[in-house]
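Under mature numbering (1 follows the signal peptide of the UniProt record, and there is no 0), the letters of the sequence shown match residues -24 to -1, 1 to 223, in that order.
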Amino acid sequence: MKQISRTLMTTLTISLYLSGVSQARTVTDISPPIGAGLGDVLCPQLQTPVTTPFPNNNNSVSPSPNQILNFPGLSCTPKTFQTIAPIDTKLFVEPSGGTTEYFFTETVVNNTSSIWDGFNLKIGFGLNDEFAPPELILVPFGFAIPDFDFNDSGSDPQPTSSKFTQLIQDGSFNLLWSGGSVAPGESIDFTFSVDVPDDLDGNNFYNSFTIRQVPIAAPVPEHNSTNGLLGLLGLFISSLAFKHKLT
């Protein structure tokens, strides 16, 4: 019930922007990252301004000239995870008159105690417990929202990772990396593209969106501890048998 209420609040907040003239959007600013993944680190409260030299440039075959390098920018870069938990970054947008594509580069640091065997990026709305992906807030037909600009036709540059080799695109709002590992103390580089689109049917749906990122910890093998316990048990039984023999 609590999650439903939070999702409803996110939906109501977004609904405040449903009226207005049909426009596309460009990214104007990036807020400092926030989330449990940062641990006790407090990011400097600095907004990162974003310039868009080529608005309305959808479907760039090469990386878009509208580049957001070293995401998230002036605050907490590189993004450093202290715990296995989400970090959310809000991007603010304004009307432009077409669909604008952005190319992102980012370095992420594993400062947790776990080996990562995957990494997840999501687009949604809201922060922390009020974050909601588009499929949860049931974006109505006729509304266009940001998405990861990637398909198999080669019309857009594919996302890249310096350590993971397998990518699953679960819809337009979710990238799931696997096929590699990031040990504690290591860093990993990502690139990806995001479309910030026109609304359809004269709708003006949002003035910001969120990119959520969360590492996936590799499972800790249990067989080693089990084998150790069995070994100790074996030694104990052998010791009892030896004592019995002596008596």
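Just so you know, even glycine gets a beta-carbon here, dropped at the ideal spot from N, CA and C.
Starting from residue i, trace the alpha helix (DSSP H) in both directions and tell me its first and last residue.
i      : result
Glu111 : Pro110 to Ile113
So what's residue i in DSSP terms, helix, strand or just coil?
i       : result
Asn105  : Residue identity check: residue 105 is Asp in the sequence provided, not Asn. Three-state result, Asp105: helix.
Gly156  : coil
Leu14   : helix
Val(-4) : In this prediction, Val(-4) has a pLDDT of 40, which is less than 50 and means its spatial position is unreliable; what the coordinates show is noted afterwards. Coil at Val(-4), not helix or strand.
Leu45   : coil
Asn136  : It should be noted that the sequence gives Thr, not Asn, for residue 136. Correct three-state label for Thr136: strand.
Leu50   : coil
Asp146  : coil
Pro197  : coil
Thr24   : strand
Ile91   : coil
May I ask which residues mark the beginning and end of the beta strand (DSSP E) holding residue i?
i      : result
Lys55  : Lys55 to Phe57
Ala193 : Ser184 to Ala193
Val170 : Ser163 to Val172
Thr81  : Thr76 to Asn86
Using C-beta distances below 8 Å, list every residue in its chain close to residue i, excluding the 5 sequence neighbours before and after it, in chain order.
i     : result
Gln21 : Pro8 and Ser51
Ala61 : Gly11, Ala12, Gly13 and Val190
What residues are listed by DSSP as bridge partners for residue i?
i      : result
Ile121 : Its beta-bridge partners do not exist; DSSP assigns none.
Val69  : Val3
Asn96  : Leu152 and Val190
Ile63  : Gln189
Note down, in chain order, each residue of its chain lying with its Cβ closer than 7 Å to the Cβ of residue i, except the 5 sequence neighbours on either side.
i      : result
Phe107 : Asp64, Gly100, Thr186 and Arg188
Thr2   : Thr28, Pro31, Val69, Glu70, Ser72, Thr76 and Val172
Ser40  : Asn33, Glu77, Tyr78, Phe79 and Ser169
Ser89  : Pro160
Looking only at its chain, what residues have a beta carbon closer than 6 Å to the beta carbon of residue i, apart from the 5 residues adjacent to it on each side?
i     : result
Asn42 : Thr28, Phe30 and Tyr78
Val85 : Pro54, Thr56 and Ser163
Using a Cβ distance threshold of 8 Å, determine whether the region 103 to 115 contacts the region 161 to 174, with at least three qualifying pairs required. By the Cβ criterion, the region 103 to 115 is not in contact with the region 161 to 174, since fewer than three pairs of Cβ atoms, one from each stretch, lie closer than 8 Å.
Validate contact between the region 189 to 198 and the region 26 to 36 using beta carbons, cut 8 Å, 3 pairs: Taking one beta carbon from each stretch, the region 189 to 198 and the region 26 to 36 have fewer than 3 pairs nearer than 8 Å; the two do not touch.
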